[in-house]
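Everything on this sheet refers to the single structure shown next.
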Amino acid sequence: MGKIAINLFDPKSRSYSAKNIHLDNRRFAGFSDTDDLPGQLYMSPGFIDAHAHVYPGASCLGISADLVGLKTGVHLVIDAGSSGSATFDCFRDYVVPTYETAVKAYLNISRIGLVTKQPYTDRRNIDLEAAMRCFRENDRGLLLGIKVMSSGIIVEDSGIMPLQKAVEAADVLGCRIMAHLCEGPPSNEDAMALLRRGDIITHCFHGKPNIAASLNASKVPSIDPAFYALPNIMWNEDGSPAKPLEAALSRGVLLDVGHGAASFDQFIASSAIRAGVREFAISTDAHVRNIVSIVGGLPQTMTKFLALGMTISEVTASVTAIPARQHGLDGWCDDLSKRATIFRLRAPREGDFPLMDSNHASITAREIVEPVAVLTDGAITDIIPGWENG
-7 MGKIAINLFD PKSRSYSAKN IHLDNRRFAG FSDTDDLPGQ LYMSPGFIDA
43 HAHVYPGASC LGISADLVGL KTGVHLVIDA GSSGSATFDC FRDYVVPTYE
93 TAVKAYLNIS RIGLVTKQPY TDRRNIDLEA AMRCFRENDR GLLLGIKVMS
143 SGIIVEDSGI MPLQKAVEAA DVLGCRIMAH LCEGPPSNED AMALLRRGDI
193 ITHCFHGKPN IAASLNASKV PSIDPAFYAL PNIMWNEDGS PAKPLEAALS
243 RGVLLDVGHG AASFDQFIAS SAIRAGVREF AISTDAHVRN IVSIVGGLPQ
293 TMTKFLALGM TISEVTASVT AIPARQHGLD GWCDDLSKRA TIFRLRAPRE
343 GDFPLMDSNH ASITAREIVE PVAVLTDGAI TDIIPGWENG
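Counting from -7, one number per residue, gives the positions in the sequence shown under this note's numbering.
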């Protein structure tokens, strides 16, 4: 291959500059300055998908990590609470070792994890001692924190209690929380008030109101019907954070997209982007119900945010430097010879995965993010053969 001119990402400045990458027998051999024009070929630290569900068989949402992993340019997939204390050992011992793609995880506060989408209906499953014991007994290299889902359709009559218990456990363990916030009850305002510095709000652009009383009255009979007439907003109409979110962000609470089948509204996201919001992780929430329909994978999700007004440098930071910092992945971006993603920007063409948000509203892109190769431990593996020839 010799040398190839490329746009190289600097995670410290979060910017690209032109460099030559040198390859010897399909192995990385260094960088050098270049006067050549690199065109639309880019290289960054390995992509991180910071929210997916990769525990097939023992969870209702699980897919293989390799479906959304290295073959799509993603070096690390973070599982968002598919396993709980009663199911984690199987995930650790029999599922994760089968993947070529690296996996880390958040432990669900429910013992059963996401065996069903109602993990908190039986309150006996919210077992703090079991969760803390599981977390302590496992290498923190795999477990990153505690996951809790705090939205009406999922928590039903358990209300805000699962989140309260997750905070209690995380305080004792000294770890972060990833909190799924969508439709109420509980309200996003009440939920955000409990989050601490370093905790992560996923589905930050969900755009959902409080769920209709007719859908939830039998499940949450204690809720005043007037609650459902109240807004459940995180963002103001101009894209600025609403006061509860502004207060959370000022405490150091962090944001994650978590696209999913029903949790990404492009109009909420584009308003926030126009208002200057850029400090969030882009993630897919990829699972069995969205991977072939709405989400696709991380490159498609990145493409959507490029179309909504972010620069390629900002989008790249949102799948590398930002999630690495949010999840405590020290050194992730330090050595591109160890792990890197090579991708190109190209014009859309017939047959591309359809771009839409979770409301099935179309998104028009001028450029498509297309991974062409990954570099792991110094070796290049092609995703698209012949990429180096343009």
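Yeah, the Cβ is synthetic: ideal placement off N, Cα and C, and Gly gets one too. All values derive from a computational prediction rather than experimental measurement.
| query | result |
| --- | --- |
| Touch test, the stretch 60 to 72 against the stretch 285 to 297, Cβ-Cβ under 8 Å, three pairs minimum | yes |
| K296 burial status per 10 Å Cβ neighbour count (16 or more: buried) | buried |
| Helix, strand or coil at W227 [DSSP, three-state] | strand |
| Collapsed DSSP secondary structure at A353 in the structure displayed | coil |
| Inter-stretch contact at 8 Å, needing at least 3 Cβ pairs: the stretch 133 to 142 / the stretch 156 to 169 | yes |
| Whether D277 touches D349 by CB criterion (8 Å) | no |
| Same chain, Cβ closer than 7 Å to D369, neighbours up to 5 away in sequence not counted | K330 |
| Inter-residue Cα distance where the pair is G76 and T113 | 15 Å |
| Three-state secondary structure assigned by DSSP to K11 | strand |
| Beta-carbon proximity of N12 to Y34, cut-off 8 Å | no |
| Three-state class that DSSP yields for D81 in the structure shown | helix |
| Ranges of the beta strand (DSSP E) found wholly within the stretch 116 to 202, counting only runs of at least 3 | 135 to 142, 168 to 173, 192 to 194 |
| Three or more C-beta pairs below 8 Å linking the stretch 71 to 88 and the stretch 122 to 133 | yes |
| DSSP bridge partner residues for V69 (one or two, in chain order) | D41, V95 |
| Beta-carbon proximity check, S142 vs A171, cutoff 8 Å | yes |
| Start-to-end residues for the beta strand (DSSP E) that takes in L367 | 360 to 368 |
| 7 Å Cβ shell around G105 - same chain, five flanking residues per side excluded | S51, G73, S74, S75, G76, T79, P111 |
| Buried or exposed (CB count within 10 angstroms, at least 16 for buried), K96 | buried |
| Reduced DSSP category for L207 - H, G, I as helix; E, B as strand; rest coil | Confidence at L207 is low in this model, with a pLDDT of 47, below 50, so its placement is unreliable and the value that follows should be read with caution. Here L207 sits in helix by DSSP. |
| Span of the alpha helix (DSSP H) around S263 | 258 to 266 |
| Straight-line gap, D326 to N100 (C-alpha atoms, nearest Å) | 30 Å |
| CA nearest to the CA of L186, picked from G199, P236, P346, E175 | P236 |
| Buried versus exposed call for V284 [16 or more other C-beta atoms within 10 Å across all chains shown] | exposed |
| Distance CB(H319)-CB(G250) smaller than 8 Å | no |
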